[in-house]
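Quick note: the sequence shown, position 54, residue 326 per my numbering, numbers continuous.
The structure under discussion appears below in the form of C-alpha cells.
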Amino acid sequence: MQSPALTGVMMNIIDRLLADPRRIVAIRNKLNLGKSVRFMDWRTGQMRTGKIVAIKHARPGRGQ
Numbered sequence: 273m274q275s276p277a278l279t280g281v282m283m284n285i286i287d288r289l290l291a292d293p294r295r296i297v298a299i300r301n302k303l304n305l306g307k308s309v310r311f312m313d314w315r316t317g318q319m320r321t322g323k324i325v326a327i328k329h330a331r332p333g334r335g336q
C-alpha cells in the first residue's frame, strides 16, 4: 500500500500532466465529432468506449 505522501505526489504529477497546454492541444488536434474513443470511467474503474459528441473548452480536472 502506498503512503499518503507518495499518493499526494503522484496526484500532483498527474494533475500537472493533465493541465499541460501542449498535451491538450495535441489531443484536441486528433479529436473530432463522431470519433470513437476509449476512456476511463472513474465511477466504476473500467475502460469504456464512446463517441465524441461535443468538445468543450473547459480545463480538465476542474469540475467543469
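Note that beta-carbon positions come from the ideal geometry of N, C-alpha and C, so glycine has one too.
Am I right that residue i and residue j are in contact with their C-beta atoms under 8 Å? What's the rounded C-beta distance?
i: residue 316; j: residue 308; result: So it is not a contact: roughly 19 Å between Cβ atoms.
Check whether the Cβ atoms of residue i and residue j sit closer than 8 Å, and answer yes or no.
i: residue 306; j: residue 286; result: no
For residue i, write down the residues that DSSP places opposite it in a beta bridge.
i: residue 309; result: 322
Might you give, ordered along the chain, the residues of its own chain that have their beta carbon closer than 6 Å to the beta carbon of residue i, omitting 5 neighbours on each side?
i: residue 298; result: none
Which residues in the same chain have their Cβ closer than 7 Å to the Cβ of residue i, if we skip the five residues on either side of it in sequence?
i: residue 289; result: 295
i: residue 314; result: none
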